[in-house]
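J.: When you line the sequence shown up against this note's numbering, it's residues 2 to 434, in that order.
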Amino acid sequence: MPAEANSEKDFYPLILSKSNNIYLSNSSPESLVNLIRDVLLLKWPQGIAEDATTNLDNGPFHRRWRNVAPDEGLFKFQLHGAPWKTETPGEAKEAYCLIGELVTTLQDHGWPVIGRFEVSPDDLLEVWLLHRSSARIAFEPGPPTVMSLLGAGDMLLACDDRDDLDEFIDSAKRGIETSWVVAKERDDCPGLHTIELTGQPWQASGHRLCMAQETIINTLVDLDNSSGYKLVNSTLADRHIDAKSTLTFRTRENGDDDDATTSTAYIGLGISGQSELRVIVPQDGLNNRDDVEAVRNLVDEKWCDGSKNEYFDGGSYHWQLVGQPWSSSSPALKAQGLLLLIRIIVILYERHFDPLASINCCIRLRKSPFGEDVNRRVALSASKMIIGIVEAMDKQGWKVALTADMRQAESLASSSVDSMSSSSVVYFVKDCQ
Numbered sequence: 002m003p004a005e006a007n008s009e010k011d012f013y014p015l016i017l018s019k020s021n022n023i024y025l026s027n028s029s030p031e032s033l034v035n036l037i038r039d040v041l042l043l044k045w046p047q048g049i050a051e052d053a054t055t056n057l058d059n060g061p062f063h064r065r066w067r068n069v070a071p072d073e074g075l076f077k078f079q080l081h082g083a084p085w086k087t088e089t090p091g092e093a094k095e096a097y098c099l100i101g102e103l104v105t106t107l108q109d110h111g112w113p114v115i116g117r118f119e120v121s122p123d124d125l126l127e128v129w130l131l132h133r134s135s136a137r138i139a140f141e142p143g144p145p146t147v148m149s150l151l152g153a154g155d156m157l158l159a160c161d162d163r164d165d166l167d168e169f170i171d172s173a174k175r176g177i178e179t180s181w182v183v184a185k186e187r188d189d190c191p192g193l194h195t196i197e198l199t200g201q202p203w204q205a206s207g208h209r210l211c212m213a214q215e216t217i218i219n220t221l222v223d224l225d226n227s228s229g230y231k232l233v234n235s236t237l238a239d240r241h242i243d244a245k246s247t248l249t250f251r252t253r254e255n256g257d258d259d260d261a262t263t264s265t266a267y268i269g270l271g272i273s274g275q276s277e278l279r280v281i282v283p284q285d286g287l288n289n290r291d292d293v294e295a296v297r298n299l300v301d302e303k304w305c306d307g308s309k310n311e312y313f314d315g316g317s318y319h320w321q322l323v324g325q326p327w328s329s330s331s332p333a334l335k336a337q338g339l340l341l342l343i344r345i346i347v348i349l350y351e352r353h354f355d356p357l358a359s360i361n362c363c364i365r366l367r368k369s370p371f372g373e374d375v376n377r378r379v380a381l382s383a384s385k386m387i388i389g390i391v392e393a394m395d396k397q398g399w400k401v402a403l404t405a406d407m408r409q410a411e412s413l414a415s416s417s418v419d420s421m422s423s424s425s426v427v428y429f430v431k432d433c434q
């Protein structure tokens, strides 16, 4: 039986696997298991093929996944069809809306997804880190809107509410056109709209990669400050080789008139190539120059080998770090590079920038960080180990600020990254009163 809701454990994994599976720890609270089941039944039209969890009507746990040994302790939902690798626009729309509904329903019921990471062979897609929380954020009721980055330059926008989708499309295009050009757009099916960008930004490098990251940041700013669409999560729940991040948005609840006119400030942190580091300032972020200067002073102070080719270009401030920390074969140099990123995130946090999301915006790699021959038992044990570390850190007052897969090209909003390194990274912050 799943653990009771009053269990002291506050962190649980939700695992997306193959093209149609979801796994939960068999110690997960019954309420969490039931919540996941309800969302799947509501939002996936093809239904559940296998429900290897506790059956509340027929008594105890009735069927275990045949390929998992009992001591691996998993519950499984297997869906009909392939939501993580869809073949038609209609299926893609339903899959994106399913991901958005999972993220937002978990959040509304006190189980926000506070991080995601990969510790797996190729058939395990990613692990979501769920944290029991009593905190609630005020959002308008209604279905979430989802944006997925796909192919060389596509943005797919999906929502079950057509009026909401039309408003979202208009705001997204305003943000895109601050730094990129829309080639064409189309309705793929009811509730799914594709915006095609010129010049293949999701396959860019160098200066054009920087512009692609600026496009994403500017789009987030316009969606939030012009239309009230707040980014609440970023996942990689798509097995297609050309798929990047899937972003879930919700509409902020309107408060007093003074609150309604308050704008959110954004800033981005990006890395690319072997040594490139940049701070990305959105087009309306001229007041962020002091924040950029704080990062600049930190880099000058903490990167002992120094930098070269330091310059400001468009909406980004660039450094080329000496030592090539993102591609070095030296574990010590890579660790120094990660430590520098952590320090930058901390100094931005101290300046009231909350780490928001890690966004993959370039070609994905499919290699497992644990190697080709890793089995499920090792991967699942690694997930449990990471959650154990998070629990221990939480007891000491350290909260998960952000997770980023450093072997893929990623952009972090409010902090932003893209890289070709080798593993998932969890960033922590601690409030010191």
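All C-beta atoms in this analysis are idealised placements derived from N, C-alpha and C, irrespective of residue type, glycine included. This structure is a prediction, so every number in the text was calculated from the model and none was measured.
How many Å lie between residue 180 and residue 164 at the Cα?
T.: Straight-line Cα distance between these residues: approximately 26 Å.
J.: What residues match up with residue 197 in a beta bridge as DSSP calls it?
T.: Per DSSP, 155 and 185.
J.: From the DSSP output, in three-state form, read off residue 354 for me.
T.: Residue 354 falls in the coil class under three-state DSSP.
J.: State the beta-bridge partners of residue 394 as determined by DSSP.
T.: According to DSSP, which records beta bridges pairwise, residue 394 is partnered with nothing at all.
J.: On the DSSP letters alone, give me the boundaries of the beta strand (DSSP E) that residue 23 sits inside.
T.: Note, residue 23: beta strand (DSSP E), 22-26.
J.: Using DSSP's beta-bridge definition, name the partner residues of residue 51.
T.: Paired residue(s): 79.
J.: From the DSSP output, read off the bridge partner residues of residue 318.
T.: For residue 318, which the question treats as bridged, DSSP gives the partners 280 and 313.
J.: Could you tell me the alpha carbon to alpha carbon distance between residue 51 and residue 134, rounded to whole angstroms?
T.: Each residue's alpha carbon lies about 29 Å from the other.
J.: Please classify residue 372: does DSSP put it in a helix, a strand, or coil?
T.: Confidence at residue 372 is low in this model, with a pLDDT of 38, below 50, so its placement is unreliable and no value can be given for it.
J.: For residue 104 versus residue 22, is the C-beta distance shorter than 8 Å?
T.: No, the Cβ-Cβ distance between residue 104 and residue 22 is not below 8 Å.
J.: In chain order, what residues of the same chain lie with their CB nearer than 8 Å to the CB of residue 205, ignoring the 5 residues before and after it?
T.: 212, 213 and 363.
J.: What is the rounded straight-line gap between the Cα of residue 14 and the Cα of residue 309?
T.: Distance between the alpha carbons of residue 14 and residue 309 is about 42 Å.
J.: Which term fits residue 313, buried or exposed, when burial requires 16 or more other beta carbons within 10 angstroms of its beta carbon?
T.: Classification for residue 313: exposed.
J.: Look at the alpha carbon of residue 136 and the alpha carbon of residue 111, and state the distance between them as a whole number of angstroms.
T.: Each residue's alpha carbon lies about 7 Å from the other.
J.: What does residue 190 pair with, by DSSP beta-bridge criteria?
T.: Note: residue 190 sits in a beta bridge opposite 193.
J.: Is there contact here, the region 336-351 with the region 195-205, by at least three beta-carbon pairs under 8 Å?
T.: Taking 8 Å as the limit for Cβ pairs, the verdict is that the region 195-205 does not touch the region 336-351.
J.: Can you check whether the CB of residue 27 is closer than 8 Å to the CB of residue 75?
T.: Yes, Cβ-Cβ distance for residue 75 and residue 27 is below 8 Å.
J.: What does the alpha-carbon distance come out to for the pair residue 209 and residue 38?
T.: Going from the Cα of residue 209 to the Cα of residue 38 covers about 43 Å.
J.: Can you tell which of 126, 33 and 291 has its C-alpha closest to the C-alpha of residue 106?
T.: Among 126, 33 and 291, the Cα nearest to that of residue 106 belongs to 33.
J.: According to the Cβ coordinates, are residue 299 and residue 348 closer than 8 Å?
T.: Against a cut-off of 8 Å, the Cβ pair of residue 348 and residue 299 comes out as a contact.
J.: If you measure between the beta carbons of residue 230 and residue 169, is that distance less than 8 Å?
T.: Yes, these two residues count as a Cβ contact at 8 Å.
J.: Determine which residues share a DSSP beta bridge with residue 97 and list them.
T.: Beta-bridge pairing links residue 97 to no other residue.
J.: Starting from residue 32 and walking both ways along the alpha helix (DSSP H), at which residues does that stretch end?
T.: It spans 31-44 - the alpha helix (DSSP H) in which residue 32 sits, taken as one unbroken run.
J.: Mind reading off the beta-carbon distance from residue 223 to residue 176? Whole number of angstroms is fine, and I expect it under 8 Å.
T.: That pair is a contact at about 3 Å.
J.: For residue 93, count neighbouring Cβ atoms within 10 angstroms of its own Cβ and tell me buried if that reaches 16, exposed if not.
T.: Flag for residue 93 reads buried.
J.: Could you pull out every residue in the same chain whose Cβ sits closer than 6 Å to the Cβ of residue 82, ignoring the five residues on either side in sequence?
T.: Around residue 82: 47.
J.: So if DSSP puts residue 234 in a beta bridge, which residue, or which two residues, is it bridged to?
T.: Answer is 249.
J.: What do you reckon, are the CB atoms on residue 270 and residue 282 nearer than 8 Å?
T.: Cβ atoms of residue 270 and residue 282: not closer than 8 Å.
J.: Applying the 10 Å Cβ sphere with the 16-neighbour rule, what's the burial state of residue 160?
T.: Buried, because 16 or more other Cβ atoms sit within 10 Å of the Cβ of residue 160.
J.: Using only the alpha-carbon positions, how far apart do residue 71 and residue 150 sit?
T.: Interpretation of residue 71 is limited by its pLDDT of 43, a score under 50 that renders its predicted location unreliable; the figure taken from the coordinates is listed afterwards. The alpha-carbon atoms of residue 71 and residue 150 are separated by roughly 38 Å.
J.: Can you list, in chain order, the residues of its chain with a C-beta nearer than 6 Å to that of residue 16? Leave out the 5 residues immediately preceding and following it.
T.: The answer, listed in chain order, is 24 and 128.
J.: Give a yes or no on whether the C-beta atoms belonging to residue 251 and residue 145 are separated by under 8 Å.
T.: Against a cut-off of 8 Å, the Cβ pair of residue 145 and residue 251 comes out as a contact.
J.: For residue 146, which three-state DSSP category applies?
T.: Looking at residue 146 - three-state DSSP - the assignment turns out to be strand.
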